[in-house]
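J.: According to my numbering, the residues represented by the sequence shown are 1 to 423, in order. Quick reminder that beta carbons are idealized off the backbone N, C-alpha and C, glycines included. For reference, the structure I am asking about is given below.
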Amino acid sequence: MLIHREFSLMCSRIIIKTAHYNRFFCLQSYNCKKFNITSETLMKTLKYFQITQFSKFHNTKSNLKKSLQPVGEENIATRDHFFLKVKKKDRETFLKILETYETHDKIRRGHVEMIYAAMKYMDDFGVPGDLQVYKKIMDVFPKGRMIPKNLIQAEFFHFSRHQECALFVLDKMEYSGICPDKEMGDIIQTSFGKSSHVYKKYARMLYWMPKLKNINPYMLPDPIPDDVRELARLALKKMSVDKRTKIEEYDAEELEDSLDKTWIMSAQSPAQQKLIQEHPEDKAIFVNGPSLVWLSKISITYYTLCADPKIYPVLEEDEDDISDLKLYMFGDPKPKSLTVKPNSIHEQEDATILGMCCTGTSSKDSVLSWIRFLRKSNPKLDKISVLLKIRSSPSSLVAMNTAKEDSTENETSSEGDTEETKS
1 MLIHREFSLM
11 CSRIIIKTAH
21 YNRFFCLQSY
31 NCKKFNITSE
41 TLMKTLKYFQ
51 ITQFSKFHNT
61 KSNLKKSLQP
71 VGEENIATRD
81 HFFLKVKKKD
91 RETFLKILET
101 YETHDKIRRG
111 HVEMIYAAMK
121 YMDDFGVPGD
131 LQVYKKIMDV
141 FPKGRMIPKN
151 LIQAEFFHFS
161 RHQECALFVL
171 DKMEYSGICP
181 DKEMGDIIQT
191 SFGKSSHVYK
201 KYARMLYWMP
211 KLKNINPYML
221 PDPIPDDVRE
231 LARLALKKMS
241 VDKRTKIEEY
251 DAEELEDSLD
261 KTWIMSAQSP
271 AQQKLIQEHP
281 EDKAIFVNGP
291 SLVWLSKISI
301 TYYTLCADPK
311 IYPVLEEDED
321 DISDLKLYMF
331 GDPKPKSLTV
341 KPNSIHEQED
351 ATILGMCCTG
361 TSSKDSVLSW
371 IRFLRKSNPK
381 LDKISVLLKI
391 RSSPSSLVAM
401 NTAKEDSTEN
411 ETSSEGDTEE
421 TKS
């Protein structure tokens, strides 16, 4: 817009000067030669102005088209050799690769492709949840060149290809549950400025993620422990709604009849022990499983000891019946309050939960060992039949989209099979 305005002003000045010289030299016809020389000089000046201004305009437009081109797999593949040629893949090696790139290419050529390649191989190096690694990746962007200098550049996505790459890094952090810190904001500010879309994304993450971090009532330790027994204890504690639930650890080696020598983590409350004590001897109870519970990105298999739900009589009353009005807190109680027994929190609509457990192998023999340990604290189990309803383990099922047709049919048919064993 400014270029065309300057061009029109220049043309108007040339026309005025040409008319002035034309009038002057027409009055003095003897000096026509000088008029021709002056006109040629003005035309050369005009032609030079056209070439320089429009060449700058077209070069800027071509550079803009180049910056809007998406990053393809062939461009990322040129940077894959940084991560594929190493033998030891860990956090230190990943950081050393980024440092090597910064020192090797100080101009930072191809830094967008390098960042996309680094994000591609984060899982292979085991660093998808490390904040320091994300800050090192964001530090690859050159400093100062991409900061918008006015409001128009800030709103119209200045250096769009680079900002999209930085937004991709922040999205990966958000999906991984990593909250940025002040140092990350300083890196973004020196690379893109405060008025960029990347800094706005960082500010929103810094505001909302600490608020939503503690919204989960079942908080997990950070980092999550690697010990499987501790994970099983956390899973049982998460599922236990009764605060008086006791979580005990057993060792199957203490039992002579056990075939699978593994650990067993059991969860049972005094209210559940009372329900077992009140359970009739002629009705069997069941062990259902295995089922999955998730602790962040880790799944734990567990089993439940269940009984059939208790059915209480339902007495319907007509609230509009005024034939027999009774005063509040006077007279005999209503029949409904006498027949309905208040149920415990373990009595659900589909079943009554009597206990839960996690084992090291999730096998049928380990579940039988758990029942034998429960008999020590619940003597009534010696007189009650226990049926095992063991389904196929969720971890052993083959994905439908990766298995062949024959194997998929076999897995589907075996998934619904159950085993009932009387203990």
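(1) At the level of alpha carbons, what is the spacing between residue 366 and residue 88?
(2) Could you please give me the residues that DSSP links to residue 263 through a beta bridge?
(3) Enumerate in chain order the residues of its own chain whose CB-to-CB distance from residue 286 is below 6 Å, with the five nearest sequence positions on each side excluded.
(4) State whether the segment 268-278 contacts the segment 238-251, with contact taken as three or more CB pairs (one from each stretch) at a distance under 8 Å.
(5) Report buried or exposed for residue 300, applying the criterion of at least 16 other Cβ atoms within 10 angstroms of its Cβ.
(6) Between the Cα of residue 363 and the Cα atoms of 261, 117, 163, 124, which residue gives the shortest distance?
(7) With 16 as the cutoff for other CB atoms within 10 Å, does residue 136 come out buried or exposed?
(8) Three or more beta-carbon pairs under 8 Å between the segment 171-179 and the segment 145-153, yes or no?
(9) Helix, strand or coil: which one does DSSP assign to residue 307?
(10) Starting from residue 220, trace the beta strand (DSSP E) both ways and give me its first and last residue.
(11) Taking only three categories from DSSP, how would you classify residue 178?
(12) Does residue 309 get closer than 7 Å to chain B when you measure Cβ to Cβ?
(13) Between the segment 187-204 and the segment 153-165, are three or more C-beta pairs nearer than 8 Å?
(14) Any idea which residues DSSP pairs residue 298 with across the strands?
(15) By how many angstroms is the C-alpha of residue 259 removed from the C-alpha of residue 86?
(16) Going by C-alpha to C-alpha distance, which of 308, 297, 290 sits closest to residue 283?
(17) So the alpha helix (DSSP H) residue 345 belongs to, where does it begin and stop?
(18) Between which residues of its own chain and residue 156 is the CB-CB distance below 6 Å, once the five residues before and five after are set aside?
(19) Cα separation between residue 400 and residue 117?
(20) Use the C-beta contact count for residue 207: other C-beta atoms within 10 angstroms, 16 or more gives buried, fewer gives exposed.
(21) Where does residue 168 fall in DSSP's three states?
(22) Return the Cβ separation of residue 303 and residue 357 in integer angstroms, given the expectation that the two are a contact with Cβ distance under 8 Å.
(23) Pull up the distance between the alpha-carbon of residue 254 and that of residue 382, whole angstroms please.
(24) Taking a contact to mean a Cβ-Cβ separation below 7 Å, would you say residue 275 touches residue 354 in this structure?
(25) Between residue 251 and the ligand MG, is the CB less than 6 Å from at least one heavy atom?
(26) In angstroms, rounded to a whole number, what distance separates the CA positions of residue 93 and residue 226?
(27) Got a sec, what are the start and stop residues for the beta strand (DSSP E) residue 388 sits in?
(28) Do residue 133 and residue 127 come within 7 Å of each other at the CB atom, strictly closer than that value?
(29) Could you work out which residue in 343, 263, 219 is closest to residue 295 when comparing CA atoms only?
T.: In short, the structure shows the following:
(1) 38 Å
(2) DSSP lists 251 as the beta-bridge partner residues of residue 263.
(3) 306, 387, 389
(4) The count of Cβ pairs closer than 8 Å, one atom from the segment 268-278 and one from the segment 238-251, reaches three, so the stretches are in contact.
(5) buried
(6) With distances taken between Cα atoms, residue 363 lies closest to 261.
(7) buried
(8) no
(9) strand
(10) That residue, residue 220, is in no beta strand (DSSP E); it is neither H nor E in DSSP.
(11) Per DSSP, reduced to three states, the secondary structure at residue 178 is coil, with no helix or strand assignment.
(12) No chain B appears in the structure shown, which is made up of a single protein chain.
(13) yes
(14) 295
(15) 44 Å
(16) 308
(17) Premise fails: residue 345 is in no alpha helix (DSSP H) and is neither H nor E.
(18) none
(19) Low local confidence applies: a pLDDT of 29 at residue 400 is under 50, so the model's placement there is unreliable, and no value is given.
(20) When all chains shown are included, residue 207 counts as exposed.
(21) helix
(22) Indeed, because the Cβ distance is near 5 Å, the residues count as touching under 8 Å.
(23) 19 Å
(24) yes
(25) The model depicted lacks the ligand MG and carries no ligand whatsoever.
(26) 22 Å
(27) 386-390
(28) yes
(29) 219
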